[in-house]
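In what follows, a single structure is set out as structure tokens and then discussed.
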Amino acid sequence: MTAQTKKINIIQAINEAIAEAMEADPKVLVLGEDVADREGGGVVGVTRGLSTRFGDERVRSTPISEQAIMGAAIGAAISGFKPVAEIMLMNFTTVAMDMIVNHAAKLRFMSGGQTGVPLVVRMMTGAGIASGGQHSDFLEAWFAHTPGLKVVAPSNPEDAKGLMLSCIADPDPCIFVECSRAYGTTAEVPVDLAPIPLGKARIDQEGTDVTIVSYSEIFARAKAAAAELAKEGVSVELIDLRTISPWDRETVLASVAKTGRAVIAHEAVRSFGVGAEISATIHEELFDVLKAPVQRLGGPFTSVPFAKALEDAFVVKSSDIAAAARATLATG
Amino acid sequence: MTAQTKKINIIQAINEAIAEAMEADPKVLVLGEDVADREGGGVVGVTRGLSTRFGDERVRSTPISEQAIMGAAIGAAISGFKPVAEIMLMNFTTVAMDMIVNHAAKLRFMSGGQTGVPLVVRMMTGAGIASGGQHSDFLEAWFAHTPGLKVVAPSNPEDAKGLMLSCIADPDPCIFVECSRAYGTTAEVPVDLAPIPLGKARIDQEGTDVTIVSYSEIFARAKAAAAELAKEGVSVELIDLRTISPWDRETVLASVAKTGRAVIAHEAVRSFGVGAEISATIHEELFDVLKAPVQRLGGPFTSVPFAKALEDAFVVKSSDIAAAARATLATG
Amino acid sequence: MVSPTPNRPVPDAATQLDIYRRMSTIMQNDVASRRIVKTGRLVMPYYSPRGQEVIPSAISVNLNDDDKICTIYRGIHDMIAKGVPLRALWAEIAGRVTGTCKGKGGPMHITHPASGVMVTTGIVGSSMPIANGIAWAAKLEKSERVTIAYFGDGASNIGAFHESLNMASVWKLPVIFVCQNNGFAEHTRYENATSVDFISKRAIGYGMPGFTVDGNDPLEMYAAANEAVARARAGEGPTLLECKTFRFFGHVFGDDDHYMTKEEKAAAMEKDPVPAFRARLIADGHASEEQLVEMETQIAAEIQDAIDFALGSEVAGLEELTLDVYAATGAE
Amino acid sequence: MVSPTPNRPVPDAATQLDIYRRMSTIMQNDVASRRIVKTGRLVMPYYSPRGQEVIPSAISVNLNDDDKICTIYRGIHDMIAKGVPLRALWAEIAGRVTGTCKGKGGPMHITHPASGVMVTTGIVGSSMPIANGIAWAAKLEKSERVTIAYFGDGASNIGAFHESLNMASVWKLPVIFVCQNNGFAEHTRYENATSVDFISKRAIGYGMPGFTVDGNDPLEMYAAANEAVARARAGEGPTLLECKTFRFFGHVFGDDDHYMTKEEKAAAMEKDPVPAFRARLIADGHASEEQLVEMETQIAAEIQDAIDFALGSEVAGLEELTLDVYAATGAE
Ligand SMILES: Cc1ncc(C[n+]2csc(CCOP(=O)(O)OP(=O)(O)O)c2C)c(N)n1
Ligand SMILES: Cc1ncc(C[n+]2csc(CCOP(=O)(O)OP(=O)(O)O)c2C)c(N)n1
Ligand SMILES: [Mg+2]
Ligand SMILES: [Mg+2]
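Protein chains in written order, with UniProt numbering: chain A, 1 to 332; chain B, 1 to 332; chain C, 1 to 332; chain D, 1 to 332.
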């Protein structure tokens, strides 16, 4: 009894999730720059069709005013709505950090539980589209360091849809990170996909020699590395973290307890990145079990450059991940 | 031949550093809300006397407009000035993150080295003064994760003065974090103190059993813990990191290579905090040398609460640090 | 500036008494607060609203229980006028578990949705974007609910003000932006930070009605508020009200007022709106001395009861530190 | 809106030709850029300035070499008009080491202090706060330098606009805020995001002169700019110029223009300012057809030379990836 599936990309997956949520719950709203159909349904079309289907009141294009966008979302959220706000690119969260960090994240706590803030902030990012230094940063570590927020970064259409469904249903503010390089990735996704729980990683492939942990588009590179390593006879346990905060310590630790070796890879700058928390935790929890130090991969300590060759060099490659795995296998 | 000293607190130390820099270099400027003497010379008086001494053009009180403050500082900096900007409290950087992260941090790189941004952003923070959730956060991990910025957090008057002198002289943007609880800390400081180099930690006390790394006001708590531990016969090597980015890997790693054990403590929320980077690095670099997992201490994953008992419980205590040291000594 | 229409609404005697009752409560509450802070029985930064009693009192008599407000650190008068129960208010200020927010928010973050206080923020300007969202929710629900965003003159210079007024106007939101212009932002005089003689003129830039009102005159305030509320309920969109007033006790209680002359302060305090309105009520035959004394005595008793209740209440247990971070408890 | 004084300055024939030369360069450069992007020989998001040639051309003839500008992603016309050498410009766009920024900034971040281009930003609104700082520097140096902040109509709705205009007015900075109002922000029509009929009206809220100018009319633009520059040089502070124009090729080149009607677009393009001014120059006897053809031919050759230079240049070596992060190289 196989579920019916449909081949969709990540753009369509997120679009479907929001549409299904809007259909099921009249409290779900969408707002952001150019999100309505009159303005094209989003710069890459993630929200296309929604305003036509659910009306211009529930799907609102906004002025270029990210503080006002987040404020409107927060105000609506504490009033019982479930807004899905778009901040076009992750770097633009920098003009709305007060709303996100001092308000969305804290209002439940500061009110002693009276005002929950059930909203989703969607944003795209990633190097590789020749946009240069101000449009490409992965800043998920900032949000993961912020109590009160949840942080999600899917790598494929099924997760994108299932996690978005969960984020919209979640009673707390969720940061939903979309990698522009991955938007076109297609896959067969069950038509009646259930929400995928937040905080649960996905073991993409079981293995015994080394655990590779990744998320967002870099996960595809980790998977390519795993394939490469398989040819060399290395059995990789491949984990897609999916949720960065709260991250799935149990799954990751159980895997590394088994393999004794770990590699973590993300696009964000390596220093003080998400990998640091995961690496530190693995070392702290599995001190006696680890066979070699955890290998952490991330962007070099620099801005994302424009020139193609430099931009490509900025992003962790599957060969880097494979090399790190080999390095850990060569020690201990 | 002992240098002449003067007993000053951290407020005075920073004030003296800025005054000396302004005296020596007419390009040094000060701006921020209420920083001029007409407005009281800063909410806690850090910039008191400067406008009277150096004039209202070089020391400017501003509207409540943090983006404009940082923009003015950046524009002046790329024009050859050296502004010392005050963002009153660290949480208020959230309304100016675009200027700090997308501009101050990146302009040198994005211009291919043409426009350096020699500025200092001062800010205070810290729990313990009953200000609640929006005035107390330590967010240094965000800035440390941002290539192009340097991040400094002194624990005592001498460091505060010497590091501020270096920050002002530095050709790149420096985030200077002041803990309000520590402002009143006094010490004898050499009258003609030389700048203290950025990126160099200070070994406050040599020891052989365990390394404790800390910074800002928590350093005092680490020191108290070391004193406590000394009574138990534990020899602590106590390191004040002083600069968080770039952090002094050499000094920390050399110390832990010697002691084989480490505890890291800061006020910021533990998860995805600065301690994660340091812990991960120590484990990665000293895998075979470490006798026990690194102990990381930081705030619980929550907002800073108002009620006194809860607020006190939020901040890492010297007893927590001592307990962590004992825990690491009990293993391995 | 433009002032309200000539045939403006006048409150009847009962409404005038209601305004006075709220004013007197605010004033007496302030006296008690200052006493209790001065004697050190409660520790908190106290932003006295003394002198600004008229504004929220004359506004609130135009509001229903289900109308909402967002206010700021200097907002206890706004809360009292809107009807937050004094017991819960005092208990919050005292950091007790019986407080509006279980003592976790504190004076700067009081929330009490039951009486319409949705957000109290410590970030200058941030009441406005969130108020928009609350107003948007009312509009979506086709309710006649009105939302008030309270803020100060200094806040009119921050970006959030601009984004909020623009969005509210474009979206025709039922929100009223109430600027309590007390002539100072911390220690900065209005004209040293603000580029326009009347903040209400900024309404022109948003195609929005804007008025400057004598914030010490209950009848003028009532009329302006009444019209703005009517406009909002009729779906005609937002209004900007600039209410001129004065804060008697500086920025934060303890302030030394060095930034103004003694004469200036004395002159402003001579216009104390509370005794003035009291006298006017008697002169106009709306109340007798006895009646007012009785009312005031009853208020005094209520305040004393609230204080006793607060100080007799328990503080929150340490488990509260990580509760309410997320709906499903705040686990790390 | 208010328009400039009646006895407004008129450019002499040489100046008019100079304006045209800049306009023609911008237009021809745009034709070449679109060709090269369309054929895929260069890969970048291209924000065509076609249709907006007049604005920076008529402004720049009023500027000296040491006057400064801050511009935005759609700013290549501003750069060309200000005198950035075409070779370095093209090389930057092509990501070559001979580019203004060694190819590291790219089209969205071109910096060329030698010709006064201090910042090109990809963040909406962020040219303004930094322009203030550059103007502040000029003021501190008692220089007569003027700074121009270019931005779009959409940017007039973001917080940075507000903070910048207010601070510039309070500080009487020699800065000119030039809003190139092309009627659209990405796909959002002016009136769907902006609450006032003329952006220049917002100047009222900052006690600043503000004018709406026909941005397609070189003589009107010249006069308005000339007066604003004179005001700035005389120490009389900032000006807001709203320059009405139209962008011929949508937001980013490739855009499908679905958000406007064909007729609307055709009507706007009929007002093409380049051929119109060309005809006028001839009609007014300021130039002959031959003269203009010769000029245009020479410009065409210069552009071709620049393209050849760029495409013949080397790309930066990978070591550049971490250079220029800090003055002393960017080490991790
Ligand atoms: C973004 C931000 N910047 C600075 C501050 C510090 N601060 C707190 S209150 C205040 C003055 C606000 O003045 P005004 O808006 O006039 O309100 P008032 O206190 O006079 O009621 C300042 C600068 C802050 N809380 N938030
Ligand atoms: C803070 C921020 N928000 C959103 C964007 C995405 N964005 C880039 S250009 C643009 C439209 C800007 O319109 P306008 O200011 O009118 O300038 P134009 O492109 O028409 O020249 C938007 C929304 C951005 N770059 N920065
Ligand atoms: Mg004020
Ligand atoms: Mg535009």
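The C-beta atom is built at its ideal place from N, Cα and C for all residues, glycine as well.
Buried or exposed by the 16-neighbour rule on C-beta atoms within 10 Å, applied to residue i
| i | result |
| --- | --- |
| M269 (chain D) | exposed |
| L31 (chain B) | buried |
| H187 (chain D) | buried |
| E16 (chain A) | buried |
| Q4 (chain A) | exposed |
| V68 (chain A) | Reading off the sequence, residue 68 (chain A) comes out as Ala, not Val. It counts as buried. |
| H109 (chain C) | buried |
| G42 (chain B) | buried |
Spatial distance of residue i from residue j (CA atoms)
| i | j | result |
| --- | --- | --- |
| G113 (chain A) | T147 (chain C) | 21 Å |
| D305 (chain C) | L311 (chain C) | 10 Å |
| K139 (chain C) | P174 (chain C) | 7 Å |
| A105 (chain A) | F143 (chain A) | 9 Å |
| L219 (chain C) | A58 (chain C) | 8 Å |
| H103 (chain B) | A135 (chain C) | 34 Å |
| A324 (chain A) | T251 (chain B) | 26 Å |
| L238 (chain A) | P83 (chain A) | 34 Å |
| residue 336 (chain A) | H145 (chain A) | Because residue 336 (chain A) is not part of the residues shown, which for chain A are 1 to 332, the question remains open. |
| E236 (chain C) | E53 (chain C) | 28 Å |
| A322 (chain A) | Y215 (chain A) | 16 Å |
Ligand 6 heavy atom lying under 7 Å from the CB of residue i
| i | result |
| --- | --- |
| G154 (chain D) | Ligand 6 is not part of the structure shown, which contains ligand 1, ligand 2, ligand 3 and ligand 4 as its ligands. |
Coil, strand or helix - residue i by DSSP
| i | result |
| --- | --- |
| C167 (chain B) | helix |
| R296 (chain A) | strand |
| V46 (chain B) | coil |
| V30 (chain A) | strand |
| Q205 (chain B) | strand |
| I64 (chain A) | coil |
| K150 (chain A) | strand |
| H77 (chain C) | helix |
| S313 (chain D) | coil |
| T212 (chain D) | strand |
Residue i beta carbon near ligand 4 (any heavy atom closer than 7 Å)
| i | result |
| --- | --- |
| F81 (chain A) | no |
| N182 (chain D) | yes |
Among the options, nearest to residue i - alpha-carbon criterion
| i | options | result |
| --- | --- | --- |
| A201 (chain A) | A:D248, A:I218, A:T211 and A:D312 | A:D248 |
| C24 (chain D) | D:L292, D:E144 and D:F309 | Per the sequence shown, residue 24 (chain D) should be read as Ser rather than Cys. Here the closest residue by C-alpha is D:L292. |
| G40 (chain D) | D:F253, D:F248, D:Q298 and D:L318 | D:F253 |
| R202 (chain D) | D:I158, D:E227, D:D12 and D:D66 | D:I158 |
| L297 (chain A) | B:K308, B:L163, B:V289 and B:E277 | B:E277 |
| E302 (chain D) | D:I19, D:G103, D:L89 and D:A94 | D:L89 |
| residue 343 (chain B) | B:S271, B:P147, B:V152 and B:A226 | There is no way to answer for residue 343 (chain B), as the model of chain B reaches only from 1 to 332. |
| P190 (chain B) | B:Y183, B:Q134, B:A160 and B:F306 | B:A160 |
| G80 (chain B) | B:A230, B:S303, B:A169 and B:K231 | B:A169 |
Ligand 1 heavy atom lying under 7 Å from the CB of residue i
| i | result |
| --- | --- |
| M88 (chain B) | yes |
| Y73 (chain C) | yes |
| H77 (chain C) | no |
| R247 (chain C) | yes |
Ligand 3 heavy atom lying under 7 Å from the CB of residue i
| i | result |
| --- | --- |
| A185 (chain C) | yes |
Ligand 2 heavy atom lying under 7 Å from the CB of residue i
| i | result |
| --- | --- |
| I158 (chain D) | yes |
| H162 (chain D) | no |
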